[in-house]
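The structure under discussion appears below in the form of structure tokens.
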Amino acid sequence: MNNKIYLYPVAIRVWHFINAIMIILLIITGVSLQYSDLEYTFIRFDYSVTIHNIAGVILTIDYLLFIIVNIVTGNYRHYRIKFKKYPQKLWKQFYYYSYGIFKGENPPYQITLKRKFNPLQQFSYVLVMYLFLPILVFSGIALLLPEVIPNKIFGYGGIMVADFFHVINGFFATVFLFVHVYFCTIGKNPLSSFRSIINGWHEPNH
Ligand code: HEM
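At position 87 of the sequence shown (counting the first as 1) the number is 95 in the working numbering, and the numbers step up by one without a gap.
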């Protein structure tokens, strides 16, 4: 029986593909910029700056695409947290990932058209898409146009504060990426989720 569910419309897949490529480019060039000195550069400094700036602008436009697509397709519903018993739901999913899965238990939340994400997935996606990424984008724009940054923020140099938020959130986004890709290997088989985000069809476990 073909019980696949169409979960990822084309627009979401296009957004996600551009987003993934840009974030990877930003991480590689960002790390190179952070650790480069005059003696040693991982990627030539001027190349890193140019690639980082262009990828940042494309990511920003892509983020706007994410917001628009979410509104137009109704995908935003999957990002709306229902707080009733949410900690218990998170715990149930956490228990499954850390223990139940190894005992061959079934996942506590089956993926359906109405519930596309399990609670932990939902929580991490809300965190990255509505906190880490907006802070990254706004602090990035500020650093690209430093004249818009006030001289002092909370008594500290404005550029330093913008840079602090940019670097910290870049770090969080990097951690998210590794955790995200690892959890995407947990599904019907290790490649099924990756197929889903390419062809749009989710393959249920059973
Ligand atoms: C190598 C890079 C990446 C790969 C291979 C990858 C893989 C996937 C896969 C397989 C899915 C579908 C399964 C699921 O919903 O969990 C997915 C969905 C998603 N990914 Fe990624 N991802 C990557 C990078 C990123 C990055 C950098 C972000 C955000 C900063 C991100 C955010 C999301 C979100 C929010 C969804 C759910 C989209 C929706 O249906 O609304 N991904 N990703």
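Note that the Cβ used here is the ideal one computed from N, Cα and C, for glycine as well.
Helix, strand or coil at residue 117 [DSSP, three-state]: Mapped onto the sequence shown, residue 117 falls at position 109. Reduced to three states, the DSSP call for residue 117 is coil.
Exposure of residue 31, with buried meaning 16 or more beta-carbon neighbours within 10 Å: The count along the sequence shown starts at 1 and reaches residue 31 at position 23. Only buried fits residue 31, as 16 or more other CB atoms lie within 10 angstroms of its CB.
Nearest to residue 74 (by Cα), restricted to the options 28, 98, 125 and 12: Working through the sequence shown from its first residue, we reach residue 74 at position 66. The shortest Cα separation from residue 74 among 28, 98, 125 and 12 belongs to 28.
Short Cβ contact (7 Å threshold) for residue 206 with residue 121: Within the sequence shown, the letter at position 198 stands for residue 206. Within the sequence shown, the letter at position 113 stands for residue 121. No, these two residues do not count as a Cβ contact at 7 Å.
The region 130-140 in contact with the region 105-116 per 3-pair CB rule at 8 Å: Result no; under three Cβ-Cβ pairs closer than 8 Å.
Residues sharing a beta bridge with residue 176, DSSP: On the sequence shown, position 168 is the one that residue 176 refers to. None, per the DSSP bridge assignment.
Minimum length 4: unbroken alpha helix (DSSP H) runs contained in the region 50-100: Within the region 50-100, the runs of alpha helix (DSSP H) at least 4 residues long that lie entirely inside it are, in chain order, 53-81.
Same chain, Cβ closer than 7 Å to residue 253, neighbours up to 5 away in sequence not counted: Only positions 9 to 214 of the chain appear in the structure, and residue 253 is not among them; the question remains open.
Close beta carbons around residue 184, own chain, < 6 Å, minus the five adjacent residues each side: One-based indexing of the sequence shown puts residue 184 at position 176. Around residue 184: 136.
Same chain, Cβ closer than 7 Å to residue 182, neighbours up to 5 away in sequence not counted: Counting from 1 along the sequence shown, the entry for residue 182 is found at position 174. Here the set comprises 35.
Terminal residues of the alpha helix (DSSP H) in which residue 203 lies: Here residue 203 is taken as the residue at index 195 of the sequence shown, counted from 1. Residues 200-207.
Simplified DSSP state of residue 38, which is helix, strand or coil: Numbered from its first residue, the sequence shown carries residue 38 at position 30. Note: residue 38 maps to helix in three-state DSSP.
Coil, strand or helix - residue 164 by DSSP: Along the sequence shown, one-based indexing puts residue 164 at 156. Strand, per DSSP.
Per DSSP, the bridge partner or partners of residue 13: If you number the sequence shown from 1, residue 13 lands on position 5. Beta-bridge annotation (DSSP): residue 13 is paired with 210.
Span separating the alpha-carbon of residue 151 from that of residue 10: Counting from 1 along the sequence shown, the entry for residue 151 is found at position 143. Counting from 1 along the sequence shown, the entry for residue 10 is found at position 2. Looking at the two C-alpha atoms, the distance is approximately 50 Å.
Assigned exposure category for residue 199 - 16 Cβ within 10 Å defines buried: Counting from 1 along the sequence shown, the entry for residue 199 is found at position 191. Residue environment for residue 199: exposed (fewer than 16 other C-beta atoms within 10 angstroms of its C-beta).
Straight-line Cα distance separating residue 147 from residue 171: The sequence position of residue 171 within the sequence shown is 163, counting from 1. The sequence position of residue 147 within the sequence shown is 139, counting from 1. Put simply, the backbone Cα of residue 171 is about 7 Å away from that of residue 147.
Span of the alpha helix (DSSP H), counted from its first residue to its last, around residue 109: The residue labelled residue 109 in the question sits at position 101 within the sequence shown. In the DSSP assignment, residue 109 falls outside any alpha helix (DSSP H), carrying neither H nor E.
Cβ-based burial, residue 127 [other Cβ within 10 Å; buried from 16]: By one-based count along the sequence shown, residue 127 stands at place 119. Its Cβ being crowded by 16 or more others within 10 Å, residue 127 is buried.
Residue environment, residue 145, which counts as buried when at least 16 other CB atoms sit within 10 Å: Taking the first residue of the sequence shown as position 1, residue 145 is located at position 137. Buried, because 16 or more other Cβ atoms sit within 10 Å of the Cβ of residue 145.
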